[in-house]
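Asks: If you scroll down you'll find the structure; I have some questions about it.
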Amino acid sequence: MNPSSSPTKGWLALWLALTTIWGFSFFFIKVASSFLDPYEQTFARMGFGALALIIIVLVTRRKFIVTGPAIKHLALITVMAQVIPFAIFAWAIHHISSIAAGLLNSTMPLWTAILAVLMLPEEKLNPFRVGGLLLGFLGLLVLLGVWDVNFQTNWLAYTACALCTIGYAFSAIWTRKHVTPLNLDPISAVATQLTIGATICAVFAIASPHEITSWPVTGMLAITA
Numbered sequence: 066m067n068p069s070s071s072p073t074k075g076w077l078a079l080w081l082a083l084t085t086i087w088g089f090s091f092f093f094i095k096v097a098s099s100f101l102d103p104y105e106q107t108f109a110r111m112g113f114g115a116l117a118l119i120i121i122v123l124v125t126r127r128k129f130i131v132t133g134p135a136i137k138h139l140a141l142i143t144v145m146a147q148v149i150p151f152a153i154f155a156w157a158i159h160h161i162s163s164i165a166a167g168l169l170n171s172t173m174p175l176w177t178a179i180l181a182v183l184m185l186p187e188e189k190l191n192p193f194r195v196g197g198l199l200l201g202f203l204g205l206l207v208l209l210g211v212w213d214v215n216f217q218t219n220w221l222a223y224t225a226c227a228l229c230t231i232g233y234a235f236s237a238i239w240t241r242k243h244v245t246p247l248n249l250d251p252i253s254a255v256a257t258q259l260t261i262g263a264t265i266c267a268v269f270a271i272a273s274p275h276e277i278t279s280w281p282v283t284g285m286l287a288i289t290a
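In our numbering, each number is its position in the sequence shown, counted from 1, plus 65.
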């Protein structure tokens, strides 16, 4: 087998790319939080994303998902994995660093492993998995510095971010259990999710108006990134 064609290299490149994208997202949240409140920021992020995917759906002549059993599952996933986490992270970033938020977000695989045992009968815990979970959570506590005064002062923001990450894990398992078997077109499914999420956030943003005193270029770029 040619080493250059090893699947490990392809996996590593994809992993590094996704890590970079997800890591920078918290930096962008921090920048956008300088002039938008949480609901406005979440609406803007999901609105731009929905608009881009709607255009793709129309150009490629895909079908929008508006009825059927899929819509309720997509709506639940949108609320649990996008609307609530996006808004809470945008709030929490005022109290904790973007690095801390990113570290908490990285616990999703740990929560997924725990919830999978509870939600999927075929998933079982074994000593290796238990050891991996304990080591993962211990490493997180060390990186966050739970003994630090800042952690103790802003524990609510840290806790809220952790709960959001559990929402991500729940949504991943729910998708595997209820959405994947439906064989939906991925572009159409995500376009539907973002449209639902943007609509929900628009209602909250209108209900709690916030005066925007400036539109910094860096902030606008952060939203569209």
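Here a beta-carbon is modelled for each residue, glycine too, at the ideal position from N, C-alpha and C.
For Ile153 versus Cys226, is the C-beta distance shorter than 8 Å?
Replies: yes
Asks: To the nearest whole angstrom, what separates the beta carbons of Ile179 and Leu198, a pair I think is in contact under 8 Å?
Replies: 7 Å
Asks: Given this structure, state the Cα-to-Cα distance separating Phe113 from Leu249, to the nearest angstrom.
Replies: 22 Å
Asks: Roughly how many angstroms separate the alpha carbons of Val96 and Ala256, rounded to a whole number?
Replies: 25 Å
Asks: Quick check on the burial criterion: 16 or more other C-beta atoms within 10 angstroms. Buried or exposed for Asn124?
Replies: It is Val, not Asn, that sits at residue 124 in the sequence shown. That one is exposed.
Asks: Since Phe151 is in the alpha helix (DSSP H), which residue starts that stretch and which ends it?
Replies: 149 to 157
Asks: To test your reading of the DSSP string, which unbroken alpha helix (DSSP H) runs of 4 or more residues are found completely within the stretch 185 to 264?
Replies: 192 to 209, 214 to 218, 220 to 239
Asks: Buried or exposed for Trp80, please, with buried defined as at least 16 other CB atoms from any protein chain shown within 10 angstroms of its CB.
Replies: exposed
Asks: Hey, out of Thr218, Gly210, Ser236, Val268, whose CA is closest to Met145's CA?
Replies: Ser236
Asks: Using the beta-carbon count (16 or more within 10 Å), is Met66 buried or exposed?
Replies: For Met66, the pLDDT reaches just 47, beneath the cut-off of 50, and the residue's location in the model is therefore unreliable, although a value from the coordinates is still provided. Per the 10 Å Cβ criterion, exposed.
Asks: For Asp213, count neighbouring Cβ atoms within 10 angstroms of its own Cβ and tell me buried if that reaches 16, exposed if not.
Replies: exposed
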